[in-house]
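Engineer: For reference, each letter of the sequence shown is one residue, going 9 to 562 in the working numbering.
Backbone N, C-alpha and C fix where the C-beta goes; we use that ideal spot for every residue, glycine too.
Because the structure is a prediction, the values reported are computed rather than measured.
Can you read through this structure? Questions will come right after.
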Amino acid sequence: MTFLYLFAVLIPTTVTNGLFYYVVTNQVRTQKLHDASLVIEQLKKDFEQGIDQVVGISSMLYTDSRINEMLDRQYTSDAEYVQHYHDVFPEFNKYRYMHPFIHSIVFFTDNSTVIFSGSVQPITPQLQQAGWYRDIRSFPVLVRTGRSLSIVRKLDYFSFYNKTNRMVRIELEPTAIDHLLRTRSFPGEIYIVDRQGNVQYSTRRQNNNHEEKPPARTEKGRIVISHPYKTSHYLRGWSIVGVVSAEKLVNNTHYFMVFIFSIAFVNFVVPTIILFLVSKPLHARIINILNYMKKVERGKFETIHSELYDDEIGQLAKAFNRMSLTIKRLIQDVYMANIQKKEMELQKKQAQLNALQSQMNPHFLFNVLETIRMRSLMKHEDETAEMIEHMARILRKSISWGSDWVKVREELDIVSRLLSIQRYRFGDKLQYKIDIDESALEHTIPNMIILPFVENACKHGVESKTGQGTIDIQVRAEGPRLTFTIRDNGPGMNEQQLLQLWRSLNEGEGITEHVGVRNVYYRLKMYYGEHFTFQMYNDRGFVVFLSLPISDEK
């Protein structure tokens, strides 16, 4: 019932309502973001239109011969200049009042015969050091001059007025720009950014910091909408940037959340009550059957005596009663008799094992070997005594392991004793060489993992070879690993035998031969898992290669 509630009620309801809320909020957010982008786009067009009108007025001044002639003319007296000024300038002052974007129109000249006033200013060295002065061209340029933006351009349309340098600066009205930015219903901050990436105007505060950088990209909690100018020559590189809080875009979706959570609450509560009312009696009956099963587990085969219905749980209880009675009868009739029989057989086997152990007492064997060795020494049969001593050491090592782990030095000592015995047996037919890396002697390895391969090399390699047999043993410490190579020059194994041996190791097939190899392989697998290398192959004889990780801790 719990899984039914989870996968049929809780998870589907949660996922469905979550997806519905996500889709609704995402659509509202997308629509509001689109509306905000349209506001920025319209603001971009309005600002460009205002600048275009100011640029048009600058073009009229640029191509007006009277203005150029008045600023370039060399006057002989102040009265002459005043007369020309009153004849020309009043007509142009009307532009200042005709367009709300224009704050002032100022002409600049280096004509020393001109009387400088508010509308006509000299081109001084200080003016020439201003940043905006270096940007002046014959075409209109939008630059910042002081606290406002201005359209500036040279007055060099007429080549015959070449006695002086002339320019005009049309300063934009800051309040008009601020009014333009604030009249748009944009739910955030608006920035006018120049081609250097500096903020020239913004709705963030009245006194703009013109070295301020606008947000460059959308971050968590806010969204940046940027519309750059690409076609206008004097606005190219400028952009209108809007920054809006992501929370404001979805602030109208609160009622969707309330509605969705209300539906989800109903979908959770009603099925929960129904499932609880249905599952409670079923759960009680199942727990009752489970309690009787636990009694069976403890050996009490009781039957259920409560009221049994004909539904699935009732049928289960009836089947349990039949099973309990059957098991009880089988235990009484068959199982107990088998247990008694097995106990008798086990006692018999134990008695046989104890008898065998008493017959093959290792101390008896060691005492016999020591007696034979001492008699050989008394008869001056030193070689025979030495072989008996080697045999006793090997026998003691194979029967009584003091530890599963030994040092490499101890393992090679037993190997040397075995080879000495085999040399005593084969004579000059057996030649052996043990090449040991001194740094490997004190490391620990599993007990008796080299001896079976050396014994096989003697038995299947040297004994089966017609001529002289050789056995080479190499032990190396290479980085974090120990390597052992046992090589003989015998006939080796044919491919079928080698394949059968590998199959028996990998698949656990039971074979009567190569018990020692299987024993070593399974012990290495138990100790090292998959972190060891074991190879057997033919190479001018037979080669066994082992690579073990160095581990001096048991």
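With distances taken from CA atoms, which of Phe55, Phe97, Lys53 and Thr121 is nearest Ser85?
Structural biologist: Translated into the one-based positions of the sequence shown, residue 85 becomes position 77. Answer by Cα proximity: Thr121.
Engineer: Considering only the beta carbon of each residue, do Asp496 and Phe550 sit closer than 8 Å?
Structural biologist: Here residue 496 is taken as the residue at index 488 of the sequence shown, counted from 1. Here residue 550 is taken as the residue at index 542 of the sequence shown, counted from 1. Against a cut-off of 8 Å, the Cβ pair of Phe550 and Asp496 comes out as a contact.
Engineer: On the three-state DSSP scale, how would you describe Arg526?
Structural biologist: As a working mapping, residue 526 is identified with position 518 in the sequence shown. In this structure, Arg526 counts as helix in the three-state DSSP scheme.
Engineer: Where does His371 fall in DSSP's three states?
Structural biologist: In the sequence shown, the residue the question calls residue 371 occupies position 363. For His371, the predicted model reports a pLDDT of 49, less than 50, meaning its position is unreliable; a value from the coordinates is still stated below. Reduced to three states, the DSSP call for His371 is helix.
Engineer: Please name the residue or residues paired with Ile110 in a DSSP beta bridge.
Structural biologist: As a position in the sequence shown, residue 110 is number 102, starting the count at 1. DSSP output for Ile110 lists Leu180 as bridge partner(s).
Engineer: So what does DSSP say about Gln129, is it helix, strand or coil?
Structural biologist: Stepping through the sequence shown from its first residue, residue 129 is reached at position 121. Here Gln129 sits in strand by DSSP.
Engineer: Which residues does DSSP list as the beta-bridge partners of Ile453?
Structural biologist: As a first step, residue 453 must be located in the sequence shown, where it is residue number 445. Val414.
Engineer: Thinking C-alpha only, which one of Asp412, His291 and Gln204 is nearest Leu150?
Structural biologist: Translated into the one-based positions of the sequence shown, residue 150 becomes position 142. Of Asp412, His291 and Gln204, the residue nearest in Cα terms is Gln204.
Engineer: Taking the alpha helix (DSSP H) that Asn76 falls in, what are its first and last residues?
Structural biologist: Taking the sequence shown and counting its residues from 1, the one referred to as residue 76 is at position 68. Its alpha helix (DSSP H) spans residues Ser73 to Asp80.
Engineer: Among residues of its own chain, excluding the 5 on either side of Ser73, which ones have a beta-carbon nearer than 7 Å to its beta-carbon?
Structural biologist: As a position in the sequence shown, residue 73 is number 65, starting the count at 1. So the qualifying residues of the chain are Phe166.
Engineer: Taking Val17 as the reference, give the member of Leu298, Leu438 and Asn275 with the closest Cα.
Structural biologist: Reading the sequence shown from its first residue, position 9 is the one you call residue 17. Minimum Cα distance to Val17 is reached at Asn275.
Engineer: By Cβ distance below 6 Å, which residues in the same chain neighbour Phe540 in space, the five residues on each side in sequence not counted?
Structural biologist: Translated into the one-based positions of the sequence shown, residue 540 becomes position 532. Once the five neighbours on either side are set aside, the close Cβ partners of Phe540 are Leu532 and Leu556.
Engineer: Quick check on this structure: which residue in Tyr535, Phe492, Pro130 and His187 has the alpha carbon closest to the alpha carbon of Met544?
Structural biologist: As a first step, residue 544 must be located in the sequence shown, where it is residue number 536. Nearest C-alpha to Met544: Phe492.
Engineer: So Ile312 and Phe328 are supposed to be a Cβ contact under 8 Å. How far apart are they, rounded?
Structural biologist: Indexing the sequence shown from 1 puts residue 312 at position 304. Indexing the sequence shown from 1 puts residue 328 at position 320. Correct: roughly 6 Å between the Cβ atoms.
Engineer: Is it right to say Asn362 is buried, meaning 16 or more other beta carbons lie within 10 angstroms of its own, or is it exposed?
Structural biologist: Translated into positions along the sequence shown, residue 362 becomes position 354. Caution applies to Asn362, whose pLDDT of 47 falls short of 50 and renders its modelled position unreliable; the model cannot decide the point.
Engineer: If we count Cβ pairs, one from each stretch, closer than 8 Å, do we get three or more for the segment 87 to 104 versus the segment 181 to 193?
Structural biologist: No, the segment 87 to 104 does not touch the segment 181 to 193.
Engineer: Given this structure, state the Cα-to-Cα distance separating Arg489 from Arg230, to the nearest angstrom.
Structural biologist: Translated into positions along the sequence shown, residue 489 becomes position 481. Translated into positions along the sequence shown, residue 230 becomes position 222. Cα to Cα, Arg489 sits roughly 58 Å from Arg230.
Engineer: Quick check for students: name the residue ranges of the alpha helix (DSSP H) that lie wholly in the segment 22 to 91, counting only runs of 4 or more.
Structural biologist: If we require 4 residues or more, the alpha helix (DSSP H) runs fully inside the segment 22 to 91 come out as 73 to 80.
Engineer: Quick test of the definition: if touching needs 3 or more C-beta pairs under 8 Å, does the segment 101 to 118 touch the segment 58 to 67?
Structural biologist: At 8 Å Cβ cutoff, the stretches touch.
Engineer: Starting from the C-beta of Lys238, find all residues in its chain whose C-beta is less than 8 Å away, skip the five residues before and the five after it, and write them out in chain order.
Structural biologist: Counting from 1 along the sequence shown, the entry for residue 238 is found at position 230. Excluding positions up to five away in sequence, the list reads Arg244.
Engineer: In three-state terms, what does DSSP make of Ile481?
Structural biologist: By one-based count along the sequence shown, residue 481 stands at place 473. Note: Ile481 maps to strand in three-state DSSP.
Engineer: Look up Asp543 in the DSSP assignment and give the residues it is bridged to.
Structural biologist: Start at 1 with the first residue of the sequence shown, and residue 543 comes out as number 535. The question names Asp, but residue 543 in the sequence shown is Gln. According to DSSP, which records beta bridges pairwise, Gln543 is partnered with Phe553.
Engineer: Which residues in the same chain as Gln439 place their Cβ atom closer than 8 Å to its Cβ, once the five residues preceding and following it in sequence are excluded?
Structural biologist: On the sequence shown, residue 439 is found 431 positions in, with the first residue counted as 1. Gln476, Gly477, Thr478 and Ile479.
Engineer: At which residue ranges does the segment 247 to 286 contain complete beta strand (DSSP E) runs of 3 or more residues, listed in the order of the chain?
Structural biologist: Counting whole runs of 3 or more residues, the segment 247 to 286 contains the beta strand (DSSP E) stretches 247 to 253.
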